[in-house]
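Sequence order for the protein chains is A and B. Residues in the first sequence are numbered consecutively from 171, following the numbering used here. Residues in the second sequence are numbered consecutively from 25, following the numbering used here. Glycine residues also receive a C-beta, built at the ideal position from the N, C-alpha and C atoms. Quick caveat: nothing in here was measured; it's all calculated off a predicted structure. Everything on this sheet refers to the single structure shown next.
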Amino acid sequence: MLRRLRSLWRVIRSRRDFEQGMTEELRFHIEQCTDDLVRSGVPPREAARRARIEFGSLSSAQEECREARGLRPFDELVRQLRHAARFLRKRPAFTATALVTLAVCLGANLTIFAALDSILLRPLPFPEAGRLVTIFNTYPKAGVDRDGSSIANYYERRGRIPAFAGVGIYSYRTAVVGEVGSTKHEQIARVSPDFFATLGTGLSMGRSFTEEETSLQTDRVVILTDTYWREHFDADPGVVGKQLRVNGRSNQVVGVLPPGFRFLSSEARLYFPFSSGPEDRASAQRHSGGNFKHMIARLKPGVTLAQAQAQIDAQNATLEAYDPEAKMIAEAGFRSLVAPLHADHVRTIRPTLLWLQAGAFALLLIGAVNLTNLLLIRASSRSKEIAVRRALGASRWHVVSEAIVETTVLTLAGGLLGLAAGAGGIRVLSVLAVDRLPLGSHIAIDYRLACIAVFGAAAMGLALAAPIAWFNLRGHLRSAIQSETRSGTASRAAQSLRHGFIAAQIALAMVLLSGAGLLGLSLERAMAVSPGFRPDHVLTGQISLPSNSYPDWPARLAFNEKLVKDLARAPGVLAAGVVNNVPLSGNSGKSAATVVGHVAQPGESPRGHYSYGVDGDYFATMGFSLLEGRFLTADDSRRSARVCVVDEDFARYYWPHSSALGQRLFEGSEATTDAQSFTVVGVVGAVKQAGLTDQAAQGAVYYPYALRTDDHLFVVVRTSLRPELFGLALQKVVRQIDPDLPVNDLQSMDTRIADSLVAQRSPAFLVGIFSLIAILLVAVGTYGVLSYAVTQRRREIGLRMALGARPGQIRIQFLALALRLLAAGTILVTMGAWLTGRAMQTLLFQVPPLNVATLAAAAGIIGAVSLAACLLPSQRATRISPVETLADL
Amino acid sequence: MGKTAELLPGTLDMLILKAVSLKPLHGYGVLQRIQQISGDALEIPQGSLYPALYRLEHQELIAAEWGVSDNHRRAKYYTLTVAGRRRLRQETAGWNRLASAIATALGTTPEEV
């Protein structure tokens, strides 16, 4: 086989040489034969004649030679390609419509598939990434679904779970890096020494961290990513051992990571040891994960997830036996879940992507139906030609292969355009901020996707050829030759096939449109949710206070106080405050609070509440509503007053029948001494903490910053002008206090809210685009089929008009056809829309699966569009001149 | 010219391989050589010679190269390839087996049954 292909290739490569050589060889033969005959005494003229006769037909010998070299199918293909190209050139309107349809439909699919591929399908860039898992604590009955893993968890599990070949813990942070005066803010990660080994990544230079480097006194080492090494150390091969100033302290470079290393969606460019003190590792801290420390592990070969889960469960059971808080933890439904790292990382985006792919595929189906109809129309206009050719001996295979070549040329050209469209689509995705999705910044079209696109286009060519070939083969010779002349109208089977396709297309487009409607409605409802505060005119920014310059809370408090005071003096500032975490920042952690006098009912589980430390005029700045008592003030923080403010959800849960004011509670899950308790001095309105679509009201407690301090904080400023305009001024104020401190993540609260909806907005927008395209395709499809129907029935119409039919009757005849198709489509769709709506529930917010208004709107739009697409052809029908058509008879 | 026999189907390829195995030949030379070595007993239809040559070349059993003929004309010469030599051996052995079997069968006398 290979040998013959090689031989064929040699011939095809120099086809002209082959033909010339063959002619020359045969001519040589005949001349030799003539010469021999002359030598034996035959006169030259007679000899030449006899030589030619003896040889036989020269052209049939040549044809047989070509076939012997396997050239026949190839020649046939070339001929059919030429034929197809000529046909496409001769009908530019058809070709352009088909190519644009294909480019758009394939491009949309490619775009979504590129996202799907890079986010869901491609394995993480680590060796045997399928064995990587993450383990997180969950307390579902306390309303805490994920709480990361604690340092204690890490030290308890390391080396003690036989299912794991390696365990690592990490957390993300920011750090101030660089010499005084030229500091920069960098995303960093803190990782345990075995982190890189667990991932299976070696270092390109130097070494990973050691055990000694995990204690707080000896952790001044750093590992650089390849990009950081190139940008800041000029790719210095002797970088190991050099110093890098981080948070004001000198850190020694011990290693460099290989190029392209990236852990999940992390932007970290520097890696530090996950250092901790003995108290952090104690079992008392086992449940202090807080959803920002995360654990990874690598399963040993052959070990299943279930085995690992069983071992973790068994260990937890053993450990909890000695835990003084065991009862509360058990009541909270505590478990440590083992989940595949990749799947867990992309879990939130997975259904959305799958639905988008389904939407794009529906679009492709609609486009394919359109093309099939256009091609069928063309095929019926050629049915006579085909029938004649078949009568003259064209084989079935010839008819089929011709259809395949034609459609495949078309779809391959469309596929190439679709690649370009897909590349454009990926840019649209980046405009939609899809790079903020998990693994979303890896989306690209690579050669694999290009191959898939080309194969997909070729497969589509084959699929499109099937109905055409069927149509061409099925016609009876005589009826086809006779039809569409004087006695014939359109072939009934072909017509009902076309109409069936249109109905299916209308149905698909309506499902798509109503899906888009549901997503849009859901987005609108989510956007209409009040966050509980006034987000307008609020600017927020994050500041990390390095622990060496701000070692304790008085130092941090002094910074806050100065910051708030300086900001208040700045022009255009109405109020300013500080909080350890703003709502909707994406890292709201929950923790326990113990209310004095609250007796847990049987079956009642402990609850996790959002807890915040606030300073300055935080509540006024954010526009919280005060329901009872008073807000916390800077003065509370300064005095370290043991007071707190709770939100209405919290108050309603614990004191449904009395006032919350004057009640007392403890931070954490234990009631300690009275001196440690906080007195509630105010109740504020509930705000959306994690996202606008939050359903559960978990309640929140606000403490004075002095008593719940953190080394990073958010500064919030209410301005009289547009908040974005105040960004530079804010940075200036901070730098005047400490030139080393940059402000990060400067965003208005409005922007934060908009960004928190990216997972709702992007799909709604994309499906909206898909629906628009679908509507256009339906218009094109209906128009094409209807105008063909008009052309087909010209004679009939002419005759009827000659017999006295009015134009209105003719028009109604075609509009009725359109309405029938529409009605068939609508009945199909109601079912489909309900099923899709139900299946899409996970993506929807406060929207029922079958929204009558949405469905009606979708039907209305599609109806209007397809009727409009009918108007033109039916108008043309009424203008058919009886005289002209009857003259044709 | 003496009595000529019709070629059995499939034997032309074998004869071409044999002819070419003796010495590189052009197409007309193959024709002459087959007639010569068969003692002019075989009649080769000229029209089917070249398709057969092209088929064998396609199968890489023979290889073609342009050369110069005895009368100083450009001509395409065929030589046997390694695969062709192997094929010729197989076909010869197969033919011999068949021929002797048929000869034995046809030589059977009533006494031997």
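Residue of the options minimising C-alpha distance to residue i
i         : options                                 : result
Leu427/A  : Asp450/A, Leu373/A, Ala405/A, Glu401/A  : Leu373/A
Leu247/A  : Glu576/A, Leu900/A, Val410/A, Leu898/A  : Glu576/A
Tyr398/A  : Tyr441/A, Ala591/A, Ser420/A, Ser1036/A : Tyr441/A
Leu589/A  : Arg330/A, Gly563/A, Leu619/A, Ile574/A  : Leu619/A
Tyr78/B   : Pro471/A, Ala452/A, Phe188/A            : Phe188/A
Leu582/A  : Leu276/A, Ser177/A, Thr1006/A           : Leu276/A
Asp483/A  : Leu744/A, Met375/A, Asn307/A            : Asn307/A
Glu694/A  : Ile223/A, Asp245/A, Phe1015/A           : Phe1015/A
Val337/A  : Tyr309/A, Val303/A, Ala972/A            : Val303/A
Leu142/B  : Leu112/B, Leu122/B, Thr35/B             : With chain B covering only 25 through 137, there is no way to say anything about residue 142/B.
Val208/A  : Phe198/A, Arg197/A, Arg220/A            : Arg220/A
Ile622/A  : Gln250/A, Phe244/A, Thr281/A, Ser700/A  : Thr281/A
Ala1064/A : Arg176/A, Tyr873/A, Ala263/A            : Residue coverage of chain A in this structure runs from 171 to 1059, which leaves residue 1064/A outside it and unanswerable.
Asn461/A  : Leu541/A, Ser550/A, Arg316/A            : Arg316/A
Trp179/A  : Glu298/A, Gly938/A, Leu241/A            : Leu241/A
Leu883/A  : Met1010/A, Leu546/A, Asp785/A           : Asp785/A
Gln232/A  : Thr193/A, Ala284/A, Glu216/A            : Thr193/A
Nearest-angstrom Cα separation, counted from residue j out to residue i
i         : j         : result
Ser347/A  : Glu437/A  : The displayed chain sequence assigns Val, not Ser, to residue 347/A. C-alpha separation (whole angstroms): 15 Å.
Arg662/A  : Ala949/A  : 23 Å
Thr265/A  : Ile1050/A : 27 Å
Ser435/A  : Leu609/A  : 5 Å
Asn120/B  : Gly191/A  : 36 Å
Gly783/A  : Phe296/A  : 39 Å
Val851/A  : Pro448/A  : 36 Å
Ser657/A  : Gln962/A  : Its pLDDT being 41, under 50, Ser657/A is placed unreliably by the model, and nothing is read from it.
Cys1040/A : Gly995/A  : 16 Å
His669/A  : Ala627/A  : 25 Å
Val350/A  : Arg1008/A : 58 Å
Ile40/B   : Ile58/B   : 7 Å
Glu195/A  : Leu73/B   : 12 Å
Gln202/A  : Gln83/B   : 27 Å
Gly631/A  : Gly1002/A : 27 Å
Leu175/A  : Ala254/A  : 25 Å
Thr842/A  : Leu727/A  : 25 Å
Ala860/A  : Leu987/A  : 53 Å
Val1035/A : Ile676/A  : 10 Å
Interface flag, residue i vs chain A, CB-CB below 8 Å
i       : result
Gly63/B : no
Gly26/B : Model confidence at Gly26/B stands at a pLDDT of 46, short of 50, so the residue's coordinates are unreliable and nothing is read from them.
Min CB distance residue i to chain B below 8 Å
i        : result
Gly211/A : no
Phe431/A : no
Gln202/A : yes
Phe198/A : yes
Ser227/A : yes
Arg173/A : yes
Glu216/A : no
Ala231/A : yes
Glu572/A : no
Glu234/A : yes
Glu224/A : yes
Proximal residues, the segment 67 to 101 of chain B versus chain A, C-beta separation under 9 Å: Pro69, Gln70, Gly71, Ser72, Leu73, Tyr74, Pro75, Ala76, Leu77, Tyr78, Arg79, Leu80, Glu81, His82, Gln83, Glu84, Ala88, Trp90, Ser93, Asn95, Arg97, Arg98, Ala99, Lys100
Near-chain B residues of the segment 236 to 253 of chain A (beta-carbon distance less than 9 Å), N- to C-terminal order: Arg236, Glu237, Ala238, Arg239, Gly240
Members of the segment 46 to 58 of chain B that neighbour chain A once the beta carbon cut-off is set at 9 Å: His50, Gly51, Tyr52, Gly53, Leu55, Gln56
Chain B contacts from the segment 178 to 196 of chain A (Cβ-Cβ distance under 9 Å): Leu178, Val181, Gly191, Met192, Glu194, Glu195, Leu196
Any alpha helix (DSSP H) of 4 or more consecutive residues that is wholly inside the segment 204 to 245 of chain A: 214 to 225, 228 to 238
Completely contained beta strand (DSSP E) runs for the segment 266 to 323 of chain A, where each covers 3 or more residues: 302 to 308
Runs of alpha helix (DSSP H) wholly within the segment 408 to 494 of chain A (minimum 4 residues, chain order): 448 to 451, 475 to 490
Ranges of the alpha helix (DSSP H) found wholly within the segment 685 to 712 of chain A, counting only runs of at least 4: none
Complete runs of the alpha helix (DSSP H) confined to the segment 906 to 950 of chain A [at least 4 residues]: 919 to 926
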